[in-house]
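Working notes for the structure below.
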Amino acid sequence: MSDRIDIRAGAPEVADAARDRVVHAAERAIAARGVFHWALAGGSTPKAAYARLAALPPRVIDWTRVRVWFGDERCVPPDHAESNFRMAADTLLSRVPLPSSNIHRIQAELGPAAAPSYESLLAATFPHAAPSFDLVLLGLGVDGHTASLFSTADFPPDPARLAISVVAPPGYSIRPRISLTHHALARARAAVFLVTGHEKRDTLARVLQPSSDQDRSLPASIIASTCHARWIVDRDASDHER
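Residue numbering for the sequence shown follows our numbering, starting at 92 and increasing by one per position.
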């Protein structure tokens, strides 16, 4: 497991490492298949990574060969302050030479109907095989959720289900969500969790070193083990220094 964990000094260094991971994944995918399918995450650490990507010279990544997807979205309009799409658009997508036709946002303003709509889009894009993202970025909630998968109830048994409508637990400002399923995430060629902050330390320890069935049933635990994920974390989130 240790070779899958990259511990950095702080959140800025995690964002730097995430930027570099995206660049590397894009180079490899474009060289091998001519296209880079990338699923984005929301949150402050991905936001910082996106800003760093936008600051790179345009030639570093061939943006015309990048296809952008989203791991989850709140059921709000795309210009809403809490929209993952808006955050990504403001920090990255509008600042690089990426064709608008290559941006596949979740139309979460449609509510639950957005899930089958996104499934159809995925099926049309990958007509001969199950979707296989080249890179998926993921976060970790203090409750153990990732994307917008909050419990095993959000894990449909049908492998054909690629996106689902989810209601987040009480306490979240916007509860209706759309999320990629574990089936869609598990097919990624690479999955990277970005985790920062001392408030995530206990949860991260439970996911990386589960000691109970409850730990192993955390959505992040299931996704991490299924995807053979890698982790980029800061010292505040890691118990490495204990």
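Cβ coordinates follow ideal geometry from the N, Cα and C atoms, glycine included.
Candidates S239, R297, R278, of which the one nearest G133 by Cα: Within the sequence shown, residue 133 is the residue found at index 42, counting from 1. The candidate whose alpha carbon is nearest that of G133 is S239.
P137, buried or exposed, once every other Cβ within 10 Å from all chains shown has been counted against 16: Numbered from 1 along the sequence shown, position 46 holds the residue referred to as residue 137. Answer is buried; the Cβ neighbour count reaches 16.
Whole-angstrom distance between A146 and F241, CA atom to CA atom: In the sequence shown, residue 241 corresponds to position 150, counting from 1. In the sequence shown, residue 146 corresponds to position 55, counting from 1. Using only the alpha carbons, I get a separation of about 33 Å.
E210 versus A109: straight-line alpha-carbon distance, rounded: Locating residue 210 in the sequence shown gives position 119, where the first residue counts as 1. Locating residue 109 in the sequence shown gives position 18, where the first residue counts as 1. Those two C-alpha atoms are separated by around 27 Å.
Sequence-distant residues of the same chain with beta carbon closer than 6 Å to S308, five excluded per side: Stepping through the sequence shown from its first residue, residue 308 is reached at position 217. The residues are T243.
Beta-carbon contacts of V233 that lie in its chain and below 7 Å, excluding the five residues immediately before and after: For the purposes of this step, residue 233 is taken as the residue at position 142 of the sequence shown. Closer than 7 Å at Cβ, skipping near neighbours: E290, K291, T294.
Buried versus exposed call for R333 [16 or more other C-beta atoms within 10 Å across all chains shown]: Counted from its first residue, the sequence shown places residue 333 at position 242. Confidence is the limiting factor: at R333 the pLDDT is only 39, short of 50, which leaves the residue's position unreliable and the question unanswerable from this model.
V113 beta carbon near the ligand ZN (any heavy atom closer than 7 Å): Here there are no bound small molecules, and the ligand ZN is not part of this structure.
Runs of beta strand (DSSP E) wholly within the segment 157-214 (minimum 3 residues, chain order): You should have 157-161, 163-165.
Beta bridge counterpart(s) of P267 as assigned by DSSP: What you label residue 267 is simply residue 176 of the sequence shown in a count that begins at 1. Paired residue(s): V258.
Within-8 Å CB hit, L229 to chain C: Within the model displayed, chain C is absent; a lone protein chain is all it includes.
Any 3 or more C-beta pairs closer than 8 Å across the segment 145-159 and the segment 110-128: Under the Cβ criterion (8 Å, minimum of three pairs), the segment 145-159 counts as touching the segment 110-128.
Same chain, Cβ closer than 8 Å to A279, five either side skipped, listed in chain order: The residue labelled residue 279 in the question sits at position 188 within the sequence shown. Around A279: A130, S223, F224, D225, L226, V227, C318.
Three-way DSSP call (helix, strand, coil) for H115 in this model: Here residue 115 corresponds to residue number 24 of the sequence shown, with the count starting at 1. DSSP places H115 in helix when its eight states are reduced to three.
Whole-angstrom C-beta distance between A254 and T237, which should lie under 8 Å: Counting from 1 along the sequence shown, the entry for residue 237 is found at position 146. Counting from 1 along the sequence shown, the entry for residue 254 is found at position 163. About 15 Å; that fails the 8 Å criterion.
Same chain, Cβ closer than 7 Å to A205, five either side skipped, listed in chain order: On the sequence shown, position 114 is the one that residue 205 refers to. Excluding positions up to five away in sequence, the list reads I197, Q198, A199, I269.
DSSP beta-bridge partners of F217: Sequence index remark: in the sequence shown, residue 217 carries index 126 (1-based). F217 is not bridged to any residue.
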